[in-house]
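So the sequence shown is residues -16 to 487, counted in the numbering used here.
Think of the CB as a built atom: it goes at the ideal place given N, C-alpha and C, for glycine as much as any other residue.
None of the values given here were measured: they were computed from a predicted structure.
Structure first, commentary second.
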Amino acid sequence: MRFDETEQAKTPLLTALLEHVQRGLLPFHMPAHKAGRGTAALLTQALGAGTLPLDLTEVPGLDDLHRPAGAIAQAQALAANAFGSEESFFLVNGSTGGLQAALLACLQPGDAVLLPRDAHRSVLGGLILAGARPVFMPPRYESFWGFPLGVTAAEVARGLAANPRLRAILLLSPNYHGVVPDIKEIVALAHQYGLPVIVDEAHGAHFPFHPELPMSAVAAGADVVVHGLHKVGGSLTQSALLHRQGQLVDPDRLKRTLTLLQSTSPSYLLMVSLDAARMFLATEGRARWGQAIHLAEGIRERLASLKGLSCLTPGEVRSQGPFQLDPTRLTITGRELGLTGLELADRLRRGFGIEVEMSDSYNLVALVTPGDDESTMGRLTGALEAIAGERRGMDLPQSGFSGEPPANFSETTFSLAELADPPVAMTPREAHFSPSRKVPLPEAPGRIAAGFIAPYPPGIPLIYPGEVFTQKLVDFLTAVRGQGLRYHGMYGEEEGQVEILGDR
Ligand SMILES: Cc1ncc(COP(=O)(O)O)c(C=O)c1O
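Below is the structure:
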């Protein structure tokens, strides 16, 4: 279907909701706060008097997410038109819900699915629900910047040849640093085998709306694409989209699955935010993302001439192989100033009141979006210049940051260098349903993990349930204890415990 500019300016669900509220019906239905009158005044004040009246769920005239025939159906159809898919679905449990639904709709118990080792932890729920066997591909690793770039078509071809029980492929694009693999080539390859490709494009919902951004996975022919619209598309946190196209994924099974996994009381605040954000992207996306690209290029150029700090460039990414970079993602290292990414982020927070998206031992990642302008970028640039100036005046200890990974190697380095091929004892589902207990870290080597362990962000599991703890992993987890990094899947005082299989 062609992009319909007049229709894209409409917001059928938001309009229906506003009209409903204007009718002023006296509510004897849920939610119990009744437009904010029946809850803490503090909440009404914090959200603004206009917000809680919009917090409704299915009432006559507002359609039903599980059987859309009115305003939700129209809003979803406009999303499909804007993103170029055959069908699009509103998600009220983030990209997580969409990825789980996609896996559950494509796989049977016992099927194998090919996916990169640096996939986000949200796919694990889908693997457990489906009873699928993950076959991990090692992503190509960038040693200077210290993070995984992604998988190549050659790696996918190897996986396809070695695993006859594969029934689907899941790809991550872009990763947290904005790097995009060659989705088009991988999709073409997978389709030769008749396999559907699911793309976790949680961080790439803006791609269809500006020609200087990487090609979107829908345009590249992927069968199911999940967009965390809240991450980069302007909708409210937790709202997301799932797109489907082609013949390889059964549309009815996918819809049935979404209905199984999603709440029967979907938040209209979340859903109207999807409707409005789609309209914004379709009507203003090109101009506003064009501005964001321009602002990001400006800071990249500035950092290129500033001694001590560097920002990853699209050219560097392209030189590493078949990869592209979302130019609005800024990956910045201060290693020449003797600063880890964590330290640089901390200096920005404490010294300049700036919070970035993520930091690790190597870099920090900052997002430039339509929410930025010359003044926000000026503050970030000024702060980085001040930190660089300050550090250059100091007699810096040689921290071994010029090319070699730092001594306190990063969590992403570890996951890839050491864990690309861990011993596997059983599927994630088998491990999930087995008896488990918590043990101190020193007791873990040789034991089977009951859950996943992942630094957050970026949420890339170092171990999946059903895999065996190695001494190296335990040494690493012991070393990072108390360093202030957040780990999902570790417990106890100073996070000194992990969950293993076995009776209590
Ligand atoms: C690559 C990737 N996929 C999926 C998700 C899950 O998204 P959500 O938080 O919207 O459920 C995240 C979250 O950070 C992510 O980074």
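- For Tyr159, the distance from the CB to the nearest heavy atom of ligand 1 is below 7 Å.
- With contact defined as three or more Cβ pairs closer than 8 Å, the region -3 to 4 and the region 31 to 47 are in contact.
- With a threshold of 7 Å, the Cβ atom of Leu155 counts as near ligand 1, since some heavy atom of the ligand is closer than that.
- The region 326 to 339 makes no contact with the region 178 to 198, as fewer than three CB pairs between them are under 8 Å.
- Per DSSP, reduced to three states, the secondary structure at Tyr447 is coil, with no helix or strand assignment.
- Relative to ligand 1, Pro117 has its C-beta separated by 7 Å or more from all heavy atoms.
- Distance from the CA atom of Thr242 to the CA atom of Val209, rounded to whole angstroms, is 16 Å.
- A direct Cα-to-Cα measurement between Pro425 and Ser344 gives close to 24 Å.
- Within 10 angstroms of the beta-carbon of Lys214 lie 16 or more other beta-carbons, which makes it buried.
- Residues of the same chain with a CB within less than 6 Å of the CB of Asp47, apart from the 5 flanking positions on each side, are Glu41 in chain order.
- Residue side-chain check: Thr79 places its Cβ nearer than 7 Å to a non-hydrogen atom of ligand 1.
- For the pair Pro310 and Glu280, the CB atoms are nearer than the 8 Å cut-off.
- Exclusion of Leu252 from the 7 Å shell around ligand 1 follows from its C-beta lying no nearer than that to any non-hydrogen atom of the ligand.
- Distances from the alpha-carbon of Leu155 to those of Ala88, Gly21, Val182 put Val182 closest.
- The three-state reading of DSSP puts Phe452 in coil, since its state is none of H, G, I, E or B.
- Distance between Val207 and Asp235, taken at the CA atoms: about 14 Å.
- Boundaries cannot be given for Phe11, as no beta strand (DSSP E) includes it and DSSP labels it neither H nor E.
- Excluding its 5 nearest sequence neighbours in each direction, Leu219 has C-beta neighbours in its own chain below 7 Å: His213, Leu252, Leu253, Ser256, listed in chain order.
- Secondary structure in the region 186 to 259: the alpha helix (DSSP H) runs of 4 residues or longer, each lying completely within the stretch, are 212 to 215, 234 to 244 in chain order.
- Apart from sequence neighbours up to five positions away, the residues of its chain that approach Thr461 with a beta-carbon distance below 6 Å are Leu424, ordered along the chain.
- One alpha carbon belongs to Thr240, the other to Asn76, and they sit about 13 Å apart.
- Three or more pairs of CB atoms, one per stretch, sit closer than 8 Å, so the region 121 to 129 contacts the region 295 to 309.
- Within a 10 Å sphere around the beta-carbon of Met377 sit fewer than 16 other beta-carbons, which makes this residue exposed.
- Between ligand 1 and the CB of His186, the shortest heavy atom gap is smaller than 7 Å.
- Counting only the Cα atoms, Ala15 lies some 44 Å from Ala202.
- At least one heavy atom of ligand 1 lies closer than 7 Å to the C-beta of Asp183.
- Annotation for Pro440 indicates a beta carbon within 7 Å of some heavy atom of ligand 1.
- Below 8 Å, too few C-beta pairs join the region 408 to 420 and the region 64 to 83 to call them touching: fewer than three.
- Rounded to whole angstroms, Val134 and Ala205 show a C-alpha spacing of 16 Å.
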